[in-house]
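Below you'll find the structure, written out as structure tokens, and then a few comments.
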DNA sequence: GCTCTATTGACTGATGTGGTCAATAGCGTT
DNA sequence: AACGCTATTGACCACATCAGTCAATAGAGC
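Residue numbers (full-length UniProt numbering), protein chains in the order written: chain L, 1 to 207; chain H, 1 to 207.
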């Protein structure tokens, strides 16, 4: 299907993939322009359509690419044998932030895919999107040692509050980055803040 | 400036305003189509440009309109004499949810404005956007009685965790609503859940 | 110098854009 | 009924951009 494309040297593949992801991420499927993609990738219009049958096939190829890349990276790094919830969630958020900083456009691309409403995407991507959501929320809770938590309140709610805290902390830092000139996330400061909240949360929620 | 428009009967004004807000909210400034706006508002193309000099003026008018509407409604309802932080924040979130369910497109419109990067908007809307953010986070904390909180952790972080919890709870319910057939928020269930988290948070964070 | 594939970019017809403007509808006044 | 005046229309404009095509060319291997 895409064998012609996959036989290209890696550098050119990457140029095309990155350009296309960036464009789709910024504008969504229908508003994304193949003209912009070839300009950014520094290839000719004809070449893009030599490798990919049409815009739709390109988009689907990219979704598969992004999905596999994020899933692989996440599962490669997460440590499921860590039973302490705080450490687990802190680690998961940290991985997510790493990936986010490494592949910001890929995250945006996946995010945008949620909002696509052309029939194409709703049908063909529905299942995979659901799977990806589970990466964020499902498996993170498996095998957690709940015995450390205080017993006078619902532990499930505590888990949610903790998860939300780290998520909001990340979002806050991301929003700051958006307003800053270079759009760069200050990971060092985020790490420091995460540690501070980590301490507050353990103090208040552990026995 | 917009006197011609403001002399219209209210019903027609609303039709135009709502159509325009909806379109800008969905597509952002540059991709929004004046053709779509007049179609939705059921007026002719010419009439829109009879009332508003051009697309830009329309956008700026709408931002002012949305800004004032949200600010007015919020300050009208919030009770600054309530010194208990939990009650205050619970009330604020409840107001915000009310407004969100009443004016979903207006919230989306304002949200989109953050991401506009045409010079027009960055310059002319910058200050106002900042003010609106303060509505959400700044004044909510004024006059709070901090003496009730436990003293072994940073109280400012506790306030953030509480705020984030109620916000995430609202977001969660909103996302559920998006997936449901009628897009309706189950306010009763949200209220119940808020009470449950309220209890967990007071137990863990008050003395 | 031949073959064959990789690559180009000018081109197409369709669609959509913000904005204009001459024409008209409809109401208040005389 | 006839005038004036504003509210309202929608065909129209010049231009931009779109996804996709294809004849022409470049360049590598033999």
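Yeah, the Cβ is synthetic: ideal placement off N, Cα and C, and Gly gets one too.
Taking only the alpha-carbon atoms, compute the straight-line gap between residue i and residue j and give it to the nearest angstrom.
i              : j              : result
residue 87(L)  : residue 146(H) : 30 angstroms
residue 34(L)  : residue 62(L)  : 14 angstroms
residue 113(L) : residue 7(L)   : 27 angstroms
residue 80(H)  : residue 48(L)  : 60 angstroms
residue 66(H)  : residue 38(L)  : 39 angstroms
residue 82(H)  : residue 148(H) : 14 angstroms
residue 78(L)  : residue 156(H) : 31 angstroms
residue 1(H)   : residue 74(L)  : 55 angstroms
residue 20(L)  : residue 203(L) : 47 angstroms
residue 150(L) : residue 169(H) : 22 angstroms
residue 17(H)  : residue 116(H) : 20 angstroms
residue 104(L) : residue 143(H) : 40 angstroms
residue 185(H) : residue 55(H)  : 33 angstroms
residue 173(L) : residue 101(L) : 12 angstroms
residue 109(L) : residue 206(L) : 38 angstroms
residue 29(L)  : residue 191(H) : 38 angstroms
residue 31(H)  : residue 59(H)  : 12 angstroms
residue 197(H) : residue 26(L)  : 37 angstroms
residue 89(L)  : residue 3(H)   : 56 angstroms
residue 9(H)   : residue 64(H)  : 20 angstroms
Would you mind telling me which residues of chain H sit closer than 9 angstroms to residue i, beta carbon to beta carbon, in chain order?
i              : result
residue 196(L) : 154 and 157
residue 3(L)   : Residues of chain H passing the Cβ test: none, with the nearest at roughly 36 angstroms.
Who are the neighbours of residue i on chain L, taking C-beta pairs under 9 angstroms?
i              : result
residue 77(H)  : Under the 9 angstroms cutoff, chain L gives no residues; its nearest Cβ is about 24 angstroms from residue 77(H).
residue 200(H) : 153, 154, 157, 158 and 161
residue 170(H) : The contacting residues do not exist; residue 170(H) stays about 11 angstroms from chain L at best.
Judging by CA-CA distance, which residue of the options is the nearest neighbour of residue i?
i              : options                         : result
residue 199(H) : 152(L), 164(L) and 175(L)       : 152(L)
residue 5(L)   : 158(L), 50(L), 84(L) and 141(L) : 50(L)
residue 140(L) : 84(L), 28(L) and 58(L)          : 84(L)
residue 187(H) : 98(H), 40(H), 29(H) and 22(H)   : 98(H)
residue 193(L) : 31(L), 58(L) and 171(L)         : 171(L)
residue 160(H) : 18(L), 201(L), 42(L) and 142(L) : 201(L)
residue 41(H)  : 197(H), 22(H) and 26(H)         : 22(H)
residue 107(L) : 9(L), 68(L) and 52(L)           : 68(L)
Under 7 angstroms Cβ-Cβ, which residues of chain L neighbour residue i?
i              : result
residue 204(H) : 153, 204 and 205
In chain H, which residues lie with their C-beta within 8 angstroms of the C-beta of residue i?
i              : result
residue 147(L) : What residue 147(L) touches in chain H: nothing, since even the nearest Cβ is about 17 angstroms away.
residue 44(L)  : Going along chain H, no residue has its Cβ under 8 angstroms from residue 44(L), so there is no contact; the nearest lies around 27 angstroms.
Along chain H, which residues have their Cβ under 7 angstroms away from the Cβ of residue i?
i              : result
residue 165(L) : 161 and 164
residue 30(L)  : The premise fails here: residue 30(L) is roughly 10 angstroms from chain H at the closest Cβ pair, so nothing lies under 7 angstroms.
Does the stretch 4-19 of chain L touch the stretch 85-100 of chain L, meaning 3 or more C-beta pairs lie closer than 8 angstroms?
no
Does the stretch 161-173 of chain H come close enough to the stretch 164-172 of chain L to have 3 or more Cβ pairs within less than 8 angstroms?
yes
Alpha helix (DSSP H) runs wholly inside the UniProt domain "HTH tetR-type" (10-70) of chain H, at least 4 long, in chain order
10-31, 34-41 and 45-51
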